[in-house]
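Asker: I am attaching a structure below and will ask some questions about it afterwards.
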Amino acid sequence: MTALRRILAVLRKEIWQLRRDRLTFGMVVMIPLIQLLLFGFAINTNLRHIPAVLVDHSQSGLSRALVQMVEATQVVTFTERTVDVDEAERLIAGAKVRAAFIIPEDLYQRAVTSPATGFATPPSTDDVTARPVAQWIVDGSDTVVAGAIRSLRAMPLAELFRKPANRSVPTFEVAFYYNPEQRTVVNIVPGLVGIILTMTMIMFTSAAIVRETERGNTEMLITTPIRPIELMVGKIIPYMVIGFIQVGIILGLGKLVFNVPMQGTLADLFVVTLLFILASLSLGLVISTVAKSQLQAMQMTVFFLLPSILLSGFMFPYEGMPVAAQRIADVLPATHFMVAIRGVVLRDAGLAELSGHLWFLAGFAILGLIVAALRFRKRLD
Amino acid sequence: MSGLAVEASGLTRAFGEKRAVDALDLAVPAGTIFGFLGPNGCGKTTTMRLLTGLLRPSAGAARVLGHALPAEAEALKREIGYMTQTFSLYRDLTVAENLRFTADIHGMNAARRRRRIDDVLARFDLEDLTRQMAGSMSGGQRQRLALAAAVLHEPGLLFLDEPTSAVDPETRRDFWETLFDLSAAGVTIIVSTHFMDEAERCQQIAILDQGRKRADGAPDALMAGLPAQVVQVEGGDLRAAKRAMQGRPSVISVAQIGTRLRVLVDRSENDPVALVREAVTAGAEAHVVRPNLEDVFVVATRHAPGEDAAA
Ligand SMILES: Nc1ncnc2c1ncn2[C@@H]1O[C@H](COP(=O)(O)OP(=O)(O)OP(=O)(O)O)[C@@H](O)[C@H]1O
Ligand SMILES: [Mg+2]
Chain S
1 MTALRRILAV
11 LRKEIWQLRR
21 DRLTFGMVVM
31 IPLIQLLLFG
41 FAINTNLRHI
51 PAVLVDHSQS
61 GLSRALVQMV
71 EATQVVTFTE
81 RTVDVDEAER
91 LIAGAKVRAA
101 FIIPEDLYQR
111 AVTSPATGFA
121 TPPSTDDVTA
131 RPVAQWIVDG
141 SDTVVAGAIR
151 SLRAMPLAEL
161 FRKPANRSVP
171 TFEVAFYYNP
181 EQRTVVNIVP
191 GLVGIILTMT
201 MIMFTSAAIV
211 RETERGNTEM
221 LITTPIRPIE
231 LMVGKIIPYM
241 VIGFIQVGII
251 LGLGKLVFNV
261 PMQGTLADLF
271 VVTLLFILAS
281 LSLGLVISTV
291 AKSQLQAMQM
301 TVFFLLPSIL
311 LSGFMFPYEG
321 MPVAAQRIAD
331 VLPATHFMVA
341 IRGVVLRDAG
351 LAELSGHLWF
361 LAGFAILGLI
371 VAALRFRKRL
381 D
Chain A
1 MSGLAVEASG
11 LTRAFGEKRA
21 VDALDLAVPA
31 GTIFGFLGPN
41 GCGKTTTMRL
51 LTGLLRPSAG
61 AARVLGHALP
71 AEAEALKREI
81 GYMTQTFSLY
91 RDLTVAENLR
101 FTADIHGMNA
111 ARRRRRIDDV
121 LARFDLEDLT
131 RQMAGSMSGG
141 QRQRLALAAA
151 VLHEPGLLFL
161 DEPTSAVDPE
171 TRRDFWETLF
181 DLSAAGVTII
191 VSTHFMDEAE
201 RCQQIAILDQ
211 GRKRADGAPD
221 ALMAGLPAQV
231 VQVEGGDLRA
241 AKRAMQGRPS
251 VISVAQIGTR
261 LRVLVDRSEN
271 DPVALVREAV
281 TAGAEAHVVR
291 PNLEDVFVVA
301 TRHAPGEDAA
311 A
C-alpha cells in the first residue's frame, strides 16, 4: 500500500516535470511525425530513374528505339548525352550520373545476331558472332545502384524489331504475399516504430536518474524510505504512455498517408509494443545508473541506437548479415521487436508464433529493471 | 536507548588519502540542539552523511536513534529529517507539489498529508507561495521550504546542514525561533554552521577542524574554560602592534576587528595586559575582556597551520 503510494508519488512528479518541459513534450509528438514522413517518403529500395549518360555512336533509328526501350523500364533516365567515352567517365567520376550507356557503331550487326532480339536461332555459348549489343559502365560503389542496372543485363529486345514479346512461360512463379505491390514503405513503417521507440524510450529514461543526481535531488531522495524498485517503476510508467502515443502516431499516419495495412489485432499489437517499450525503458534506466552525467547517458543511448538501426533488420535483412553481426543483433531488443511488429502489422502473426521474440523482450525488461534497481544504491558511495 | 540520540566512536571517513572525518567521538543527548562548528572543508557535511547513513564509515561505528550504522540505515531513514546543504527539492515543482511529493514518499495517508502540509505551510509562512516554482524563490524562502519538507513527516531527529548560509540575520533569527519551537516539542536537532552567533544558540557544540573534533561542550562552558586570556587593544597604530605581537611564544593569535585588536594570550602568562602593553604604541589602551565563541574556535583550531579564524 505504501509502496503503491510511493510509486504513484514518483509517477505524478515525473508528469508534473514533463508537463513543464515543453520541448521534450513537443519532441514526443514531433519525432515520430517528422521521422515517419521523412523515412516513409525518402527510403526506397526499388531504385528508379537513376541518372545516366548516353553515348550513342550509332546515331540510327535503331539506337533511338533502343534508348526508348531502356528508358521505358524506368530504371535509368538519360540526363546527359555525349559522343565521347572519356567525357562519360568524367561525368561518372563527378557524380553527375551513375552510369553510362555506350551504343557501338555496329549496333545493327550486333542486334541481329543477338539472342535477345529473337532473330537468331538459340545460340550456343561459343557462337562468336553473338556479342552484347551495347555496354553499360556503372558506378559500382553503391551496390544497390549497381544491382538495379545489372537487372537490365538480360533485357529482352524482341520489340526492337516490332516482333511480339516473347511470351514464354516463366520458370518459376513468384507470389508476393503481404506486400504485393512491393512498396518499400510497407516494410519501413512498422520498422520505424522500433527505431523511434528505441530512440525516445532509451533517451528519456537514460537521463532519468542522472538528472536527479546532477540537480542535487538524489541526496534528498535517498534519505527517504523510498525503495529503488519503486523509484524505477514510478519513473518508467509515464514514458510507457508516451511510447504508446508514439506508436499510435506512426501506425495511424502510416495507414493514412502511406496506406500501410494493419492486419493483426490491436490486442496483439498492444502486447508486442508493451514488451518492447518496457525493454527499452529498463535499458535506459540501467544506462542512467551507470552514467555520471546526462551527456554520458546520451552517448550510451547512441551506442545502442546505431546498431539498433543498422543491425536490427530495419535497414538490411537480418538473414543477409554475417553470423557475428547476427549474434550482436540477437541481444538487441529492437531486432526481436522488428520481427514481432512486422509480424503483427503485416502478416497477422499470432502471439504464439512470435513467442520466442516476446519472451526475449519480457526477460530483457525484467532483467534490466532488476539490474537498475540493484545498481541504484541509496548511498552516496 | 541511553537517552542519547547519536553516539559515535572513532567515526572516520577517508576519500582516498584524505580523511574528511577523522576519529570522531560524539554523544548527542536526545532533545538537544547540537551544533557542528567549523570552517569550509572541515567535514561537517561528511559527518552528517555518515550519521544519516548516506556514506559508510571507513572506520569506527555510530548508533543513531538506536540504529547501528551502516547496517540499519534504511530503518533510520524513516525516523529522521535531513535538510541538505544545497537545495535538493525539485526546482521545477511548486511549493505545494514538492510538499505533496515528500508526504507521499513518506507514505502518509490523505488525512495526515493534508493536516501536515497545512501545518508546515502555516508554520513556515509559505501559504502565499504554494503555487510558486521552488526554483524561482528567494534563498530564504527556499530554505524555509527545505525545512518544511524535512519536518513534514514529524521526525524525532533533524539534521540541518548549514541551514541559514544564504539568509539575512533577520530571517536567520526567525529560522532559529522555529528550531527552538521544534526543540521544545522534543525534536533533537543537529545543525552545522560556520557562524559563531548560530553556534552560540546551540546547547552543545563540537568544533571540527580538518576532520577532527577540537573541542566540544556547551558554548558557555567552552568560553568559561578557555585556556587563554583575551586582551583587547584600542587606539594607536594597530597594524604595528599586531606585527610586534605576532610570533611571541605566549601569544596565540592577534586579529583586527574593526578598530580593535583582539589578542589571545596563553593562560600560563601571569600578566597578559602587561605583555600586550609592551608591544603597543603610545595612545593605545589594553584591557582584559570576556572570551567569546570565536576565541574558543581560534584556540581550538590553532594547531592547524594556514587556517584563519572562521566567519
Ligand atoms: N565525495 C568526496 N570525494 C572526495 N573528497 C570529498 C568528498 N566529499 C568530501 N570530500 C572532502 O572532504 C572534506 C570535507 O568535506 P565536507 O563537505 O564534509 O566539508 P564541510 O565541512 O561540509 O565544508 P563546507 O562548509 O564547505 O560545506 C573536504 O576536503 C572535501 O574536499
Ligand atoms: Mg558542507
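Heads up: the protein sequence lines correspond to chains S and A, in order.
When we follow UniProt numbering, the leftmost residue of the first sequence carries the number 1, and every step to the right adds one.
When we follow UniProt numbering, the leftmost residue of the second sequence carries the number 1, and every step to the right adds one.
The beta carbon of each residue, even a glycine, is placed where N, CA and C say it ideally should be.
Only a predicted model underlies this, so the values are computations on that prediction, with no experimental measurement involved.
#1: Please list, in chain order, all residues of the same chain as M30/S whose beta carbon is under 6 angstroms from its beta carbon, the five residues on each side excluded.
#2: If you measure from the beta carbon of R5/S to each beta carbon in chain A, is any gap under 8 angstroms?
#3: Kindly examine ligand 2 and report whether one of its heavy atoms sits closer than 7 angstroms to the Cβ of K18/A.
#4: I'd like the span of the beta strand (DSSP E) that includes residue 316/A, first residue to last.
#5: Along the beta strand (DSSP E) that carries T188/A, what are the first and last residues, could you check?
#6: Evaluate A148/S with the Cβ neighbour count: other Cβ atoms within 10 Å of its Cβ, from every protein chain shown; 16 or more gives buried, anything less gives exposed.
#7: Taking 7 angstroms as the limit, name every residue whose beta carbon sits nearer than that to some heavy atom of ligand 2, in sequence order.
#8: Quick check: what's the CA-CA separation for L93/A versus T102/A?
#9: Which residues of the region 94-117 of chain A have a Cβ closer than 7 angstroms to any Cβ of chain S? Give them in chain order.
#10: Distance cutoff 8 angstroms, beta carbons only. Does R78/A sit that close to anything in chain S?
#11: Please confirm if M220/S has its CB atom under 8 angstroms from at least one CB of chain A.
#12: Skipping 5 residues on each side, what residues in its chain have a beta carbon closer than 7 angstroms to that of T184/S?
#13: Put G247/A into one of helix, strand or coil per three-state DSSP.
#14: What residues of chain A sit near P238/S, judged by a beta carbon separation below 9 angstroms?
#15: Looking only at its chain, what residues have a beta carbon closer than 7 angstroms to the beta carbon of Q74/S, apart from the 5 residues adjacent to it on each side?
#16: Is the CB of R142/A under 8 angstroms away from at least one CB in chain S?
#17: With H, G and I counted as helix, E and B as strand and the rest as coil, what does DSSP make of P219/A?
#18: Which of the residues in the region 354-380 of chain S, read from start to end, lie with their CB under 9 angstroms from any CB of chain A?
#19: I'd like to confirm the pairing. Which residues does DSSP put opposite M133/A in its beta bridges?
#20: I'd like the list of long-range same chain contacts for L11/S, defined as Cβ closer than 7 angstroms, with 5 residues on each side in sequence excluded.
#21: Using the beta-carbon count (16 or more within 10 Å), is G16/A buried or exposed?
#22: Determine, using beta-carbon pairs with one atom in the region 154-169 of chain A and one in the region 192-207 of chain A, whether at least three such pairs fall under 8 angstroms.
#23: Please indicate yes or no: does the CB of F15/A lie closer than 7 angstroms to some heavy atom of ligand 1?
#24: Considering only the beta carbon of each residue, do F276/S and F204/S sit closer than 8 angstroms?
#25: In the DSSP output, what is M83/A paired with across the bridge?
#26: Under 8 angstroms between beta-carbons, which chain A residues line up against R211/S? List them in chain order, please.
#27: Reducing DSSP to helix, strand and coil, say where E285/A ends up.
#28: Looking at H153/A and ligand 1, is the gap between the Cβ and the nearest heavy atom below 7 angstroms?
#29: Can you pull the chain S residues whose beta carbon is under 8 angstroms from the beta carbon of L89/A, in chain order?
#30: Measuring only from the beta carbon, is G38/A closer than 7 angstroms to any heavy atom that is part of ligand 1?
Answerer: Reading it off the structure:
#1: none
#2: yes
#3: No, the Cβ of K18/A stays beyond 7 angstroms of every heavy atom of ligand 2.
#4: In the structure as shown, chain A starts at 1 and stops at 311, and residue 316/A therefore has no counterpart that could be examined.
#5: T188 to T193
#6: buried
#7: In chain order, the hits are K44/A, T45/A, Q85/A, D161/A, E162/A and S192/A.
#8: For L93/A and T102/A, the distance between alpha carbons rounds to 12 angstroms.
#9: E97, F101, D104, I105, H106 and G107
#10: yes
#11: Taking Cβ atoms only, chain A reaches closer than 8 angstroms to M220/S, which makes this a yes.
#12: If we look at T184/S and ignore the five residues flanking it on each side, its Cβ neighbours are I43, N44, T45 and N46.
#13: DSSP places G247/A in the coil class of the three-state scheme, outside both helix and strand.
#14: None at all; the shortest Cβ gap to chain A is about 14 angstroms.
#15: Contacts found: R48 and H49.
#16: no
#17: Note: P219/A maps to helix in three-state DSSP.
#18: K378, R379 and L380
#19: T94/A
#20: For L11/S, where only same-chain residues beyond five positions count, the Cβ hits under 7 angstroms are G234, I237 and P238.
#21: exposed
#22: yes
#23: Yes, ligand 1 has a heavy atom inside 7 angstroms of this Cβ.
#24: no
#25: L160/A
#26: Within chain A, no residue comes near R211/S; the closest Cβ sits about 10 angstroms away, beyond 8 angstroms.
#27: In the structure shown, the three-state DSSP call for E285/A is strand.
#28: Flag unset: Cβ of H153/A not near ligand 1.
#29: N217 and M220
#30: Because some heavy atom of ligand 1 lies under 7 angstroms away, the Cβ of G38/A counts as near it: yes.
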